[in-house]
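> Residue numbers (my numbering): 43 to 425. Before we start, here is the structure in question, set down as structure tokens.
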């Protein structure tokens, strides 16, 4: 069996005119995913270069939803793009050494781009289902490879810019830039192929957008987090999975608040006797799902005042769960002082379900869901 050459691919659909137009939309999706991914990454950094804002309260919900949806939209577009340019993989390399070196470098950069793009979309898609069949840290690796992907994309655009400009400047059915053997018409016109790719992309978004957009939940058949759970708020980790059932339900439970040598212990009943506030805030997770709830509890700032903690100090929030990457989180000072940041005791007017963090949990504006610590056992002011 011989290795095919680019002359063996005869469809007129495998054209620079199609590749350029699909590539524009694919580039938009990757650019949007990259920018929103940077925002998501910064939300996890305790002290980023630019402090992460607490307003708007729905900011992270929107940016992370856009991140996941733009990545989802890119999947059909990438498949069509790769199918369109596939013959180039088998093109004969040039004979002259200098041209061969240039061609080799270009092919190597394209290989990096394709590998990074496939890796990002595959791992991102699996992350939305919370399936991690790998041994590396998802968030750190996804962030690092994003820079590789966007760098390779910028380089590819720069190298191919003359071809892209020529392809976009002419009619989509123009064959001036086609390979000589691309002479057989496909079952679709080129315009229909591009529209089909965009339609498939739109369907993919619609099928998953309900995880972020409540109005679309009835039609988003692939929305893996569609609002199930107590009070309509989904649950990522149950109390049983976190191994906190016994300690969370124990009558001996006490919340410890510490600042320097000052320390105070409060039972849930003590917390209920303090001034209560109700806020409407969303929970938004890195997987892309989000949901809003009415949370009632004590302002974190009021709790810190009990031990004389000054304003502007970061806060270490520890969960009752014995292990896990987010067992303890750091709440930056401007979030701790925000009047919307609560140690919530109730959700939707009812006591917190244990899977939502009973006896109390953190809820703050514009924060990733994994940083909204559940089953809080200790608040310690960082000095």
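Ideal Cβ placement from N, Cα and C applies to all residues, glycine included.
Identify the continuous alpha helix (DSSP H) that holds residue 199 and give its terminal residues.
Unbroken alpha helix (DSSP H) run through residue 199: 180 to 211.
> Grab me the residues of residue 216's own chain with a C-beta within less than 7 Å of its C-beta, minus the 5 sequence neighbours each way, in chain order.
For residue 216, where only same-chain residues beyond five positions count, the Cβ hits under 7 Å are 59.
> Shortest alpha-carbon distance to residue 400 belongs to which of 348, 293, 367 and 264?
Taking only the C-alpha atoms, the option nearest residue 400 is 293.
> Starting from residue 336 and walking both ways along the beta strand (DSSP E), at which residues does that stretch end?
It spans 332 to 341 - the beta strand (DSSP E) in which residue 336 sits, taken as one unbroken run.
> Identify the continuous beta strand (DSSP E) that holds residue 314 and give its terminal residues.
Here residue 314 belongs to no beta strand (DSSP E); instead the alpha helix (DSSP H) covers 310 to 315.
> Starting from residue 22, trace the alpha helix (DSSP H) in both directions and tell me its first and last residue.
With the chain represented from 43 up to 425, any question about residue 22 goes unanswered, as that position is not in the structure.
> Under the rule that 16 or more other beta-carbon atoms within 10 Å means buried, what is residue 418, buried or exposed?
Classification for residue 418: buried.
> So which of 337, 222 and 158 has the shortest CA-CA distance to residue 186?
Of 337, 222 and 158, the residue nearest in Cα terms is 158.
> Have a look at residue 77 and residue 288 and give me their C-alpha separation to the nearest angstrom.
Each residue's alpha carbon lies about 42 Å from the other.
> Between the C-alpha atoms of residue 134 and residue 211, what's the straight-line distance to the nearest angstrom?
The straight-line gap from Cα to Cα measures roughly 28 Å.
> May I have the straight-line CA-CA distance separating residue 281 from residue 254, to the nearest angstrom?
Approximately 24 Å between the Cα atoms of the pair.
> Under a Cβ-count criterion, where at least 16 other Cβ atoms within 10 Å of its own Cβ denotes burial, should residue 347 be classed as buried or exposed?
That one is exposed.
> Report the CB separation of residue 51 from residue 195 in whole angstroms; it is logged as a contact under 8 Å.
Contact doesn't hold; Cβ gap of about 24 Å is too wide.
> Compute the distance between the beta-carbons of residue 390 and residue 336, then report whether it is under 8 Å.
The answer is yes: Cβ separation under 8 Å.
> Pull the bridge partners of residue 301 from the DSSP assignment, please.
In DSSP, residue 301 forms a bridge with 304.
> Grab the span of the alpha helix (DSSP H) containing residue 58 for me, first residue to last.
58 to 86 is the span of the alpha helix (DSSP H), which, as asked, contains residue 58.
> Give the straight-line distance between the Cα atoms of residue 334 and residue 251, rounded to the nearest whole angstrom.
Cα to Cα, the separation comes out at about 16 Å.
> Leaving out five residues before and five after residue 354 in sequence, what residues of the same chain have Cβ atoms less than 6 Å from its Cβ?
Result list for residue 354: 375, in chain order.
> Going by DSSP in three states, residue 92 sits in which element: helix, strand or coil?
DSSP places residue 92 in coil when its eight states are reduced to three.
> Determine the burial state of residue 361: buried for a count of at least 16 other Cβ atoms within 10 Å of its Cβ, exposed for fewer.
So residue 361 counts as buried.
> List the residues that DSSP assigns as beta-bridge partners of residue 392.
BP columns for residue 392 point to 389.
> Verify whether the separation of the beta carbon atoms of residue 421 and residue 345 is less than 8 Å.
Closer than 8 Å, so yes.
> Could you give the residue range of the beta strand (DSSP E) that holds residue 382?
Segment: none, residue 382 is in no beta strand (DSSP E) and carries neither H nor E.
> Kindly indicate which residue of 64, 123 and 85 has the alpha-carbon position closest to the one of residue 181.
Of the candidates 64, 123 and 85, the one whose C-alpha sits nearest the C-alpha of residue 181 is 85.
> Might you give, ordered along the chain, the residues of its own chain that have their beta carbon closer than 7 Å to the beta carbon of residue 46, omitting 5 neighbours on each side?
Closer than 7 Å at the Cβ level, and outside the excluded window around residue 46, lie 132.
> Measuring straight from C-alpha to C-alpha, what distance separates residue 284 and residue 290?
For residue 284 and residue 290, the distance between alpha carbons rounds to 11 Å.
> Considering just the uninterrupted stretch of the beta strand (DSSP E) at residue 357, what are its terminal residues?
First-last of the beta strand (DSSP E) with residue 357: 357 to 361.
> Less than 8 Å between the C-beta atoms of residue 55 and residue 117, yes or no?
Cβ distance not < 8 Å, so residue 55 and residue 117 don't count as in contact.
> Thinking C-alpha only, which one of 75, 161 and 188 is nearest residue 176?
Checked all of 75, 161 and 188; the closest Cα to residue 176 is 161.
> Can you look up residue 47 in the DSSP assignment and give me helix, strand or coil?
DSSP places residue 47 in coil when its eight states are reduced to three.
> Report yes if the CB atom of residue 166 is closer than 8 Å to the CB atom of residue 123, and no otherwise.
No.
> Tell me the DSSP secondary structure of residue 354 in three-state form.
Coil, per DSSP.
> Helix, strand or coil for residue 214? Go by DSSP, reduced to three states.
If DSSP states are grouped into helix, strand and coil, residue 214 belongs with coil.
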